[in-house]
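First residue of the sequence shown? That's 4 in this note's numbering, and the numbers climb one at a time after it. Think of the CB as a built atom: it goes at the ideal place given N, C-alpha and C, for glycine as much as any other residue. Nothing here was measured: the structure is a model prediction, and the numbers come from that model. First the structure, in the form of structure tokens, and then the observations on it.
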Amino acid sequence: MLIVAGLALIGFLVVAVVLPHMQGTEAKEAAQALIEGAEPAKQRVGVAAEKNGNVSGAGIKVTARNDPKYGDLKWIVSDNGVIHGWNEKNAIEITLLPSVQGGKASWNCKGYPVNAMPPNCGGR
Numbered sequence: 004m005l006i007v008a009g010l011a012l013i014g015f016l017v018v019a020v021v022l023p024h025m026q027g028t029e030a031k032e033a034a035q036a037l038i039e040g041a042e043p044a045k046q047r048v049g050v051a052a053e054k055n056g057n058v059s060g061a062g063i064k065v066t067a068r069n070d071p072k073y074g075d076l077k078w079i080v081s082d083n084g085v086i087h088g089w090n091e092k093n094a095i096e097i098t099l100l101p102s103v104q105g106g107k108a109s110w111n112c113k114g115y116p117v118n119a120m121p122p123n124c125g126g127r
């Protein structure tokens with residue numbers, strides 16, 4: 004009877020502590036992959052900013068990427084240069100907002116859930 008109770012306790016600890024930690028780690032890694040995957044789009048929006056002095060009409064098509072660990076990573080670039088990215092498997096999303104000064108684009112990143120985001124994207 005004590006052996007069964009001990010095994011049940013171990014099983015409970017794995018479900019209550021270890022699995023959520025593993026999921027949190029994977030979400031953080033997926034968020035980082037999503038941010039890094041937006042880099043080519045950021046460069047293309049930056050080129051438009053340098054060329055035109057603004058990001059109007061910078062909407063571009065970005066190819067989704069299927070990652071074996073994180074699933075589909077997807078991005079959309081709006082006509083105003085804002086990049087939206089998401090990963091359904093880990094329920095995360097990011098928004099990269101450009102601002103242009105002197106023909107150079109700088110970026111502000113916000114993401115959800117906050118606890119999965121790195122500090123440079125509004126995480127803790």
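Just to confirm my understanding: we take A67, look at its own chain, exclude 5 residues before and 5 after, and list those with CB closer than 8 angstroms. What are they?
D75, L76, K77 and W78
Would a C-beta distance cut-off of 8 angstroms place V58 and N93 closer than the cut-off?
no
Helix, strand or coil at V48 [DSSP, three-state]
helix
May I ask which residues mark the beginning and end of the alpha helix (DSSP H) holding T28?
L22 to G40
What does DSSP give as the partner residues of E96 in its beta bridges?
W89 and Y115
Limits of the unbroken beta strand (DSSP E) element including K77
G74 to V80
Backbone CA spacing between P43 and V65 [nearest angstrom]
9 angstroms
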